[in-house]
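Undergrad:
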Amino acid sequence: MTRQLLGGVSSLRFNQDQRCFSCAMETGVRIYSVEPLMEKGHLGHEQVVSMGLVEMLHRSNLLALMGGGSSPKFLEISCGSLQLVDLASTKPGTSFSPFTIPELARHRSGLGLP
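Numbering-wise (the working numbering), the sequence shown opens with residue 2 and increments by one.
(1) Check E47 in the structure and name its three-state DSSP category.
(2) Quick check on the DSSP output: the beta strand (DSSP E) that includes S61 runs from which residue to which?
(3) When the Cα atoms are used, what is the spatial distance from L13 to S61?
(4) Given this structure, state the Cα-to-Cα distance separating L58 from E47, to the nearest angstrom.
(5) Using the C-alpha atoms, what's the distance from Q17 back to S34?
(6) Just to confirm, is the Cβ distance from M39 to G53 under 8 Å?
(7) Rounded to whole angstroms, what's the CA-CA distance from F15 to A25? Just pull it up for me.
(8) Ordered along the chain, which non-local residues of its own chain (more than five positions away) have a Cβ less than 7 Å from that of E9?
(9) Which value, in whole angstroms, describes the spacing of the CA atoms of V1 and F22?
(10) Are there 16 or more other CB atoms within 10 angstroms of the CB of G45, so buried, or fewer, so exposed?
This is the structure we're talking about:
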């Protein structure tokens with residue numbers, strides 16, 4: 002029964018202060034505020050197709066999306082394709098510029114990562 006209720010949810014992640022959470026689904030991405038519990042924004046299936054993981058940066062409009070699910074948007078990009086999205090400037094029909102995690106791994110020192 003739980004599986005049926007969650008239908009298509011790939012991940013559910015809280016932001017850093019746990020006042021919001023993001024939900025990656027087969028039908029897109031949804032962002033919720035915890036208190037009061039309400040939807041703050043979403044990207045539909047036509048914009049992002051299916052998502053495997055989404056992370057929200059604090060309470061900003063910036064999201065990191067990782068493709069996944071049954072129909073990822075960038076099939077030609079290797080597994081681990083990451084997209085950065087600003088919800089404030091995202092319009093239906095627009096495209097995102099993906100970059101891959103292996104590309105980031107080569108430039109870790111430039112990004113201040115260990």
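Glycine included, every Cβ here is placed at the ideal spot set by N, Cα and C.
TA: With the given structure in hand:
(1) The count along the sequence shown starts at 1 and reaches residue 47 at position 46. If DSSP states are grouped into helix, strand and coil, E47 belongs with the helices.
(2) For this step, residue 61 is matched to residue 60 along the sequence shown. Run containing S61: none; DSSP gives neither H nor E here.
(3) Position 12 of the sequence shown holds residue 13. Position 60 of the sequence shown holds residue 61. If you take the alpha carbons of L13 and S61, they lie about 17 Å apart.
(4) Taking the sequence shown and counting its residues from 1, the one referred to as residue 58 is at position 57. Taking the sequence shown and counting its residues from 1, the one referred to as residue 47 is at position 46. Approximately 23 Å between the Cα atoms of the pair.
(5) As a working note, residue 34 is residue 33 in the sequence shown. As a working note, residue 17 is residue 16 in the sequence shown. Roughly 13 Å between the two C-alpha positions.
(6) Numbered from its first residue, the sequence shown carries residue 39 at position 38. Numbered from its first residue, the sequence shown carries residue 53 at position 52. Contact flag unset, no.
(7) Taking the sequence shown and counting its residues from 1, one reaches residue 15 at position 14. Taking the sequence shown and counting its residues from 1, one reaches residue 25 at position 24. About 12 Å.
(8) One-based indexing of the sequence shown puts residue 9 at position 8. Contrary to the premise, residue 9 reads as Gly rather than Glu in this sequence. Counting only Cβ-Cβ distances below 7 Å, and skipping sequence neighbours, we find M26, E27 and T28.
(9) Since the first residue shown for the chain is 2 and the last is 115, residue 1 is missing from the structure and cannot be characterised.
(10) Numbered from 1 along the sequence shown, position 44 holds the residue referred to as residue 45. When all chains shown are included, G45 counts as exposed.
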